[in-house]
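Below you'll find the structure, written out as structure tokens, and then a few comments.
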Amino acid sequence: MLKKNTAFFPIFLGMFCLGIAQETKIYTHDKKDYQDALALYNNEQYQAAQTIFAKVKNNTADLETKANSAYYEANAAVRLNQYGADRLMEDFVEKYPTSTKRNSAFADVAEYYFETGKYPYALKWYKKVDQSALSRNEMDKFNFNYGYSLFSSKKPKDAERYLSKVTNSPVYASQAKYYLGYISYQQDDYETANERFDEITDQEVLEDKLSYYQADMNFKLGKFEEAIALAKKQLPKSNRKEVSELNKIIGEGYFNLGQYANAIPYLEEYKGKRGKWSNTDYYLLGYCYYKQGDFANAIQQFNKIIGGTNSVSQNAYYHLAECYLNLEKKPEALNAFRNASQMDFSPEIQKDAYLNYARLSYEIGNAYEPVPQVISNYLELYPNDAHTKEMQELLVDSYISSKNFRGAMELLEKNRGFASKATYQKVAFYLGTELFIDGDYGAAAETFDKSLGSAEDALYEARASYWKAESLYLLNRFDDALSSYIQFKQNPSAKLTEEYKDMDYNLGYAYFKLKDYGNTISSFNAYANSSPSDTQKLYDAYLRLGDSYFVTSKYWPAIETYNKALALTGPQKDYAAYHKALSYGFIGRGNTKIEELNSFVERYPKSTLKDDALFELGNTYITSGQEQKGLQSYNRLINEYRGSSLVPQAMMRQGLVHYNANRNDQALGKFKSVVRDYPNTQEAVQAVATAKLIYVDMGRVDEYAAWVENLDFVEVTDSELDNATFESANKQNLEGKKDAAIKGYEKYVKQFPNGLHAAQANFNLAQLYFAKGEKEKALPYYVFVADKGGSEYGEQALTRVCEIYIGEKDYDKALPYLERLESVANIQQNRTFAQSNLMKGYYGQKNYPKTLEYADKVLANGTIDNRIKSDAQIMIARSAMATGDEAKAESAYKDVLKIASGATAAEALYYDAYFKNKSGDHETSNTAVQKLAKDYAAYKEWGGKGLIIMAKNFYALDDAYQATYILDSVIANFAQFPEIVTEAKGELAIIKAKEAQSNSSINTDGN
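Just so you know, we're using the numbering used here here: the sequence shown kicks off at 5 and counts up by one.
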């Protein structure tokens, strides 16, 4: 703003002083002090003059001299800025109302304050001036000074009234017009401002800064070329702040003229308001770069526009998305298109942004909302759009690509026109495989049937047949499974599938379950002769082939086949070695059998079959007449395997050996030990019956009666009723009359809780309830069998108890049974089941050392499938994270990622992104998050956590827009995960606080 030019302002004081100097002619010598004071005053020696004037005022009798002295004393006080100066001047006016200097006093003080820039003080005194007493020249000066003081005191309306009075003054006209023009400029009345500025003729005023305001006004009036010319003219004469504003005028002028290349250097020179740019400033420069095809620099400007909610922001985000697309940054483009589509300032931009957002969601995935929902929303918003068919096809494919096959199936069953039969066939197939993986084999089989019902693609037809067979097999529907396996094998396209290589292996198992051992042997031989690459399956095939020979009494082929298995690497070599030994016994090679069994006991000291081997060794020694060695083998079994179901049998055999050798007392001792230690077993009943024979032979029947009287574990006298009740229930079960069988077994266990058949009755009853899905009813019966021990059903009952407790997520109750199952399981699958769930149970209890111990046990089993492997590796990773060992966790999650699926894979991908972010590898970290969004969109919690990682990555990559937009979206879309939202809010507050230091449009009051 112009300052007042003192060259235009003759000072009242000079006039007044001249008049005073003339007074000296009439003063007498007696007034010498007054004359001296006046001389000092005129020489601006106000302090000295003031002292003398005060003395004269108090001593003189001349009224005029007294009045003049009071006047000059007060004036000196004003000029000396003394406290109370105003009061002195007011006293003068009050005491000397008739003084000729009264009006001069008001004007003189006002002028003094005006000259010293104290305009509010000047106004106070100008108001007191009697304007009628002023000459014309004095009046012009008064009007200008008074008007300017009002202008400087921010009273433009009042200022206009006084400045307008001197627009024709030869002295003040130019300056008055300037300030009047400036007032109009401030009031956005550019036409009037221009008129007033155009009337200025004074060159000094014109060359000061008038061009700046004229440039700005022309810009605001849309006269961009004139604005540019004026601004360029003014640039060399302006200060730093004005230079910044002039560059903005020139840059925006070129922008509005479409001369984007010319605009860039000027826009770059703009320094912002108080050092900060606004979102609009960033948009203008970004758009210029965008129009030049300089997408990288355009992005650097557009992505500083944070939290915009106006048409400028919508435009910016749309063009930002286009820039990202041009640089193949599709995840970033998706966010920007989404943001633009959420604003309705321009419906055309909104629609196009939504279309691109939907397309990109389909192409790369979407962590904010399900891709099918995005496309469905587009179809609802724009039902008659030219892109409807494209969107319908993408909708179906989006369900498939996001692995939401259930949603795809629901959509297609309601809208079959959205896709071809071939697409329906594939959707049904993939949904079937998903249900299969989830263990819902019944629903899986039904869904594979749907796929087969729309068979257009022969390859998928073949695969559906195969997996239908697998589902039926796991439902124990072996006849139906066999039919589907055969249907698969007969499909000409079957040989093109990955599944075909295991076809004979699976057929072999189906025949094996149906006890069709002839076809079992043919199928497993066919598989073995196909040179399979999977040596573990080949090893397993040899085991089942050996078993088939064994069960059909083809012992030499069985031995040869078991030898083939033993030549390979496998987890159940003890099983093959044991059955090989048994086979020698059946071909009359007793000594070889003994050698093989002894070798087995030494070679496999930790085998679950060692107790069987010792029992069989004892039997073989006894059969071959080596009684002492036989008894020793039984003793070894009894001492080393107290929990084995074979122990009571071994004790019974020992008792019978003693009985047959007429060692009756030793025999009785063994039988009584069986009754005492295993009262709930068939062996105990047999022991009582055999002991009775001994007592009768020895003539000690009374002793027998007294002994039996104290036995409450079996109702010996009711044995016929016991057997009859059990057989009745069992007959119903065998005939498939399940409900009648349940009633019969319940009657039996109630009537004979410790009956001869208690274990089998409880087990069968549990199995019937379990098959009906009534697991809670099955549980107590399984527990009975599991707790009883020593039963052939014990291991399976233990497994079921564990399975039910785990299904209820009650690991506290499951753990003791799992520990027992691990220790007694003869079947490797059951032991693996126990170990993998012990691992999970201990993790749930935060017992990380035990978790890691069992994870290592699980991974030591080379035959487990990938799902169990990934479970073990995830437990290792989680335990490592929980204990702060991130290096171990990172390694474990890498292993998980190689084989995992579903939620486990989503978790592993999140941590892949997490560790890459920590190492500063932000680009590849974002790639991991994007894969998480695309392939595992169903696991929203991991998706939300991944988005926060992505936001951190973008901010580290200097993309504040992406970072803040992602965090805003997390806050808006993940309310069901409060911890994620809290973390997002914290990160957002940090970023906004930093960005607000350079962007005036950012609001940091809240998120």
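All residues carry an ideal CB built from backbone N, CA and C; glycine is no exception. For clarity, every value in this text was computed on a predicted model and none was experimentally measured.
- DSSP places Asn46 in the helix class (H, G or I) of the three-state scheme.
- Here Ser108 is buried, its C-beta having at least 16 other C-beta atoms within 10 Å.
- Distance check between Ser795 and each of Pro652, Leu250, Ala912, Glu890 places Pro652 closest, using alpha-carbon atoms only.
- Residue Val555 holds the alpha-carbon nearest to the alpha-carbon of Lys517 among Tyr182, Val555, Gln305, Thr565.
- The continuous alpha helix (DSSP H) containing His583 extends over residues 577 to 590.
- Counting along the chain, no alpha helix (DSSP H) covers His391, and no H or E run does either.
- Contact between Glu991 and Lys949 does not hold, since their C-beta atoms are separated by about 12 Å, which reaches or exceeds 8 Å.
- The shortest C-alpha to C-alpha distance from Tyr50 to any of Tyr76, Leu951, Gly924, Asp356 is the one to Tyr76.
- The continuous alpha helix (DSSP H) containing Tyr464 extends over residues 462 to 478.
- If you check the CB distance, Ala462 and Ser497 come in under 7 Å.
- Of the residues Tyr521, Leu385, Glu474, Tyr470, the one whose Cα lies closest to the Cα of Lys499 is Tyr470.
- Within a 10 Å sphere around the beta-carbon of Trp560 sit fewer than 16 other beta-carbons, which makes this residue exposed.
- The beta carbon of Gln966 is closer than 7 Å to those of Asn307, Glu336, Asn339, Phe958 in its chain, skipping five residues each way along the sequence.
- Taking the CA atoms as reference points, Gly888 sits about 10 Å from Arg882.
- Comparing alpha carbon positions, the residue from Ser637, Gln630, Thr612, Lys610 closest to Phe619 is Ser637.
- Inclusion of Phe341 and Tyr361 in the CB contact set at 7 Å is warranted, their separation being smaller than that value.
- As the crow flies, the alpha-carbon of Pro757 is around 12 Å from that of Gln764.
- DSSP links Asn1003 through a beta bridge to Trp281.
- In this structure, Ala235 places its C-beta atom within 7 Å of the C-beta atom of Ile253.
- For Asp285, the number of other beta carbons within 10 angstroms of its own is at least 16, and it is reported as buried.
- If you draw a 10 Å sphere on the C-beta of Asp706, you find fewer than 16 other C-beta atoms in it, and that means exposed.
- Taken through DSSP and simplified to helix, strand or coil, Ser380 comes out as helix.
- Looking at Gln849, Arg244, Ala829, Phe228, the one whose alpha-carbon comes closest to that of Leu819 is Gln849.
- Contact check for Met93 against Ala114 fails: the beta carbons are separated by 7 Å or more.
- Distance from the Cα of Lys844 is smallest, within the candidate group Thr627, Ala859, Lys944, for Ala859.
- Distance between Tyr434 and Gln296, taken at the CA atoms: about 48 Å.
- For His926, the enclosing alpha helix (DSSP H) covers residues 926 to 939.
- Here the alpha carbons of Ile878 and Ala884 stand approximately 10 Å from one another.
- Along the length of the segment 953 to 1004, whole alpha helix (DSSP H) runs at least 4 residues long occupy 964 to 977, 982 to 999, reported in chain order.
- Comparing alpha carbon positions, the residue from Gln576, Thr55, Ser188 closest to Phe155 is Ser188.
- Going by C-alpha positions, Phe146 is about 57 Å away from Ala964.
- Distance check between Lys122 and each of Phe96, Ile698, Asn85, Asn141 places Asn85 closest, using alpha-carbon atoms only.
- By the neighbour-count criterion, in which 16 or more other beta carbons inside 10 Å mark a residue as buried, Asp144 falls on the buried side.
- 7 Å or more divides the Cβ of Lys597 from the Cβ of Thr565.
- Per DSSP, the continuous alpha helix (DSSP H) segment holding Pro853 begins and ends at 852 to 863.
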